[in-house]
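Numbering of the sequence shown is given in my numbering, commencing with residue 46 and proceeding in unit increments.
Ideal Cβ placement from N, Cα and C applies to all residues, glycine included.
Remember, predicted model here, so these are calculated numbers, not experimental data.
Here is the structure we will look at, set down as structure tokens.
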Amino acid sequence: MSAHSSSSSLIPSYTPEQSIPIVRRQSRRKSFLDYGGENSINNFASSVKRSVDFLSSSLGSATTPSENDLITRTLSEDVPGSYATSFTERSPLLIDTTTSTPPINEEEAVESSPFKDNASSIAVEAGQPSLIVNIAKKSTPMQTIFNSINVLIGLGILSVPLALHLSGWIPGMICLLLAALSTRYTAVLLGRILAKVHSLNTYQDIAVHVYGRSIGYFILATFSLDLYGAGVSMVIIFSDSFNALIPSLSPFVLKAILCTILMVLNLLPLRFLSVLSLVGIFCTTCTFFIILASGLWKSTQPGSLLHSMPTNLFPSSFIDFCFSLGLFLAPWGGHATFPEIYSDQKKPGKFSACMDISFSFCYAVDALTGIIGFLMFGRLTDSEVTRNILLTPGYSTSVKTTIVTLMGLLPISKLPLVCRPITTAADNFHHPQRDGKCPLYKKIINRFLISFVYFFSALFITSFGKVMSLLGSAICFTVCITLPVLFYLNVFRDELGRGHKLFLYVLAVVSVLCAIFGSVSVLLK
């Protein structure tokens, strides 16, 4: 049965004289989280939720869209108020135009809805069955920047000082700048692809469009490994931070505590977890200022900016330099989510400008963190600069307690969001019921198994630096540079000049070589 006919059977027909009643659900009571208009905290959280939902839907199906994807579509990209349905392609609602069904006037529905200022639902009913059209706000430019920074700013910045130590000042600062420029460029390339092919929404959609359905499983495996590695790194840093402050708490117990918290949080609806993303950005920003204040406060080596430690201009070995490549690229691994961020934009034409601001901000934070941390500890720099501060005598107890608190809140705020696409894929894999909901007992089992895998892995993988370097080398170079370039070359092959094509091919080859050398160096070091 075609998508056209199946959708027609699900949508009731009406005569031209028959009006379509709009059943409005009761508006919820406003809270302080709603203040600020379209850029309120609730709307920020909603935009994060949609991005995670998009990624969850990508992992939930390796090759083909679900039946719901054929039914639930965006009402229009040009709807005043910029409302659109979540989890959808950017195309009209599927309505059988061969019948006398009048079009749903989504503009009137939205403008007259009490949910205009709060993303909610409008029920369109005419007997049985009824059609529920979920209306959701799209992200403003500020929310797009917020979501992009939230994706980019993470634990990877804590290893930038180690990357500078391994590579030396001159090669290191060049590599960090090139990493920011190249990943910003490929993020824009993904946006251009989506602008040209309107039926695409996700990174996986682009891959399947370019190379066919068989690559869907490769993308699924790559994303899963990326999310898995990111989750393990958060468990490690949580354990390292608390163990450094309280040695009596063993890493085993600390990892078990976090994974238990993870299992509980993964049972909560995503709308609650999305608010935690604000906590993640707050913790990361505060960590940077704590590192800076610690360096200015301490007057003796090591750990002082006033009397910095000896540093090196160049790497001590080729293996060290290759190892640093993954560390430099690890903070920029957000390309799996950027297509969803683009699709969720209120003004897609501002995507490049949003990327400029997001990447510039993140580059400034990454570079300053790396410079400050390297100057403070020099050749003593650990894989986590915060661990250096916790283990170095001379800092006040309040500074160490604050760092541990931030390092504790950061994994708790980000880890459930990182795990959500994996848990969604697991729920879909276990044959959900007809109503589309996975049984509660299966959800609990899935979340227990996922938490156990993270816990078991963190017991054997104890080096935060190695995890970040391997993620940066094996995953980020592939997902963030190589594949976007190849996608762009395929989609725009008839529109690119010879010089532009040559540049893109060189960029792809260099990315592949960096991925190979970086991954091998992690195994050798």
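Three-way DSSP call (helix, strand, coil) for residue i in this model
i           : result
residue 188 : helix
residue 346 : coil
residue 243 : coil
residue 166 : Any answer about residue 166 is weak, because its pLDDT of 39 lies below 50 and its placement is not dependable; what the coordinates show is given next. In the structure shown, residue 166 sits in a strand (DSSP, three-state: E or B).
residue 258 : coil
residue 482 : coil
residue 128 : With a pLDDT of 34 at residue 128, under the threshold of 50, the modelled position of that residue is not reliable, and the figure given next carries that caveat. Strand, per DSSP.
residue 296 : helix
residue 311 : coil
residue 487 : helix
Exposed unless 16 or more other CB atoms sit within 10 angstroms - verdict on residue i
i           : result
residue 273 : buried
residue 219 : exposed
residue 310 : buried
residue 429 : buried
residue 266 : exposed
residue 424 : exposed
residue 433 : buried
residue 252 : buried
residue 514 : buried
residue 387 : buried
residue 544 : exposed
residue 438 : exposed
residue 538 : exposed
residue 396 : buried
residue 231 : buried
residue 542 : exposed
Paired residues, beta bridge with residue i - DSSP
i           : result
residue 249 : For residue 249, which the question treats as bridged, DSSP gives no partner whatsoever.
Close beta carbons around residue i, own chain, < 8 Å, minus the five adjacent residues each side
i           : result
residue 494 : 471
residue 572 : What the structure shows of the chain is the stretch from 46 to 570, and residue 572 is not part of that stretch, so it cannot be assessed.
residue 497 : 304
Neighbourhood of residue i by C-beta, 6 Å cutoff - its chain only, sequence neighbours within 5 removed
i           : result
residue 559 : 370, 522
residue 280 : 300, 303, 499, 503
residue 275 : 463
residue 567 : 511, 514, 515
residue 427 : 433
Same chain, Cβ closer than 7 Å to residue i, five either side skipped, listed in chain order
i           : result
residue 198 : 326, 329, 407, 410
residue 399 : 186, 189, 190, 193
residue 384 : 235, 239, 246, 247, 248, 251
residue 224 : 373, 374, 377
residue 196 : 379, 382
residue 289 : 432, 435, 436
residue 419 : 206, 209, 210, 356, 426
residue 201 : 375, 376, 513
Near the ligand FMN: residue i beta-carbon under 7 Å from a heavy atom
i           : result
residue 502 : With respect to the ligand FMN, the structure shown offers nothing to examine, as it has no ligands at all.
Min CB distance residue i to chain C below 8 Å
i           : result
residue 424 : Going by chain labels, chain C is absent from the structure shown, which holds only one protein chain.
(request) Return the chain-ordered ranges of every alpha helix (DSSP H) run that is complete within the stretch 441-475 and spans a minimum of 4 residues. (result) 442-474
(request) Starting from the N-terminal side, write out each stretch of the alpha helix (DSSP H) that is 4 residues or longer and does not extend beyond the stretch 194-236. (result) 205-212
(message) Threshold first: 4 residues or longer. Then list the alpha helix (DSSP H) segments lying entirely within the stretch 352-435, N to C.
(response) 363-374, 383-388, 396-422
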